[in-house]
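In what follows, a structure is listed as structure tokens, so that the remarks can point back to it.
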Amino acid sequence: MAKHFGDALYNAVLDKDSILCVGLDPVYGRLPEDIKKRYGNSANNIDSVIDATIEFCTRTLKVISEHVPAVKLNSAYFEKYYWDGIEAYYSLITEAESLGVQVIGDVKRGDIGHTCTAYADAHIKEPKFKSLNVVSPNAVTINGFAGADGIIPFADAANDSGSGIFVWVRASNPSAARLQDALTEEGVPFYQILSEITAEIADQPKRIGESGYSNVGMVIGGTTPEHTSSLRMKYPNVWFLVPGFGSQGGQPSDCIRFCKPDKTGALINSSRGIIYAYEKPEYKDKFGDDWESCIEQAVIDANDSLNQAMQF
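Okay, so the sequence shown: first residue is 1 according to UniProt numbering, each after it adds one.
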């Protein structure tokens with residue numbers, strides 16, 4: 001693992017000339033038919049489901065790895081299969097890192113005190129038990145609702161392990177506005193208070209890498225109101241993870257407002273719009289049952305649309 005996540009992500013974005021992050025949210029029922037048939041095509045057999053999911057995700061990682069700097073593995077889609085799913089999650093982290101992409105574990109954990117420290121140990125520190133052949137993700141998402149007490153233990157663990165965290169500051173779903181845009185008596189939205197708390201931690205010198213970026217970032221939805229754009233200029237040392245591009249309706253222009261002119265500072269995430277590209281007529285008509293080519297073309301097209309929006 002790199003010594004500093006902010007630096008590693010900075011280098012990865014420049015090396016791949018891409019700000020796209022692909023999310024792996026595998027749903028068994030939507031996997032390609034040829035993969036499901038190979039493993040018995042039984043949604044009620046956990047071995048069949050896990051084997052099919054691992055093959056799909058592994059082949060997808062190999063297709064997209066040369067085009068993107070990072071991938072996001074949503075742990076919920078693996079945790080629902082209990083211990084077999086957890087094993088699959090960690091095996092895919094190992095596969096992704098071997099392919100040279102930064103791996104974000106989308107776990108959204110959050111708590112305080114010893115529980116928070118235990119979560120941090122579980123998700124971003126390398127295992128202290130030598131018998132475990134496990135590779136941790138390069139960064140994880142966390143829930144910052146508990147304030148600094150729920151962020152600092154993760155941030156300290158990131159410092160110790162060379163990893164990073166993204167604090168969920170403003171979600172991309174419509175109903176989030178009722179809570180996250182709620183105003184204090186002084187007229188300040190809740191999400192801005194959380195961003196300020198996060199930035200106070202992120203801007204500590206011990207968390208800043210040679211690139212000028214912190215290992216503490218923020219999750220800001222690409223479909224959020226325009227005034228969230230002010231966070232980019234307000235917090236120049238912070239990486240933003242921006243969901244909502246593609247299937248959730250976020251347009252390139254909505255998302256690239258969190259990038260700096262040098263094309264760094266933000267990762268724009270697309271999940272379903274990429275990994276299920278073979279369901280879309282424009283790709284299926286061109287590539288037929290070659291689902292890997294559909295996914296690769298969708299990644300290329302997403303990169304092109306983001307680059308065009310930034311006028312590169």
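The beta carbon of each residue, even a glycine, is placed where N, CA and C say it ideally should be.
Check your understanding: Taking the runs of the alpha helix (DSSP H) that are 4 residues or longer, which of them lie wholly in the stretch 173-215?
Key -> 176-180 and 190-202
Exercise for review: For Val188, count neighbouring C-beta atoms within 10 Å of its own C-beta (all shown protein chains included) and say buried if the count is 16 or more, exposed if not.
Suggested key: exposed
Review point. If we call anything under 8 Å between Cβ atoms a contact, is Asp106 one with Ser75?
Key: yes
Exercise for review: For the stretch 257-275 and the stretch 19-30, state whether three or more C-beta atom pairs, one from each stretch, are separated by less than 8 Å.
Suggested key: yes
Practice item. Could you give the DSSP three-state label for Phe166: helix, strand or coil? Key: Reduced to three states, the DSSP call for Phe166 is strand.
**Study point:** Endpoints, alpha helix (DSSP H) assigned at Ser271
**Key:** That residue, Ser271, is in no alpha helix (DSSP H); it is neither H nor E in DSSP.
Practice item. Report yes or no: do the stretch 128-141 and the stretch 91-99 share at least 3 C-beta pairs separated by less than 8 Å? Key: yes
Check your understanding: Which residue's Cα is closest to the Cα of Phe154: Thr228, Val13 and Tyr119?
Key -> Tyr119
Review point. Which whole-angstrom value is the C-beta distance of Leu241 and Gly217, which I expect to be below 8 Å?
Key: 6 Å
Review point. Do you know offhand how far Gly288's Cα is from Ala277's?
Key: 11 Å
Practice item. Keeping to the same chain, check which residues put their C-beta closer than 7 Å to that of Ile46; ignore five residues upstream and five downstream. Key: So the qualifying residues of the chain are Tyr81 and Asp84.
Exercise for review: For my contact list, Lys263 and Val13 are in at a C-beta cut-off of 8 Å; report their separation, rounded to the angstrom.
Suggested key: 7 Å
Review point. Can you find at least 3 beta carbon pairs, one from the stretch 198-215 and one from the stretch 175-190, that sit closer than 8 Å?
Key: no
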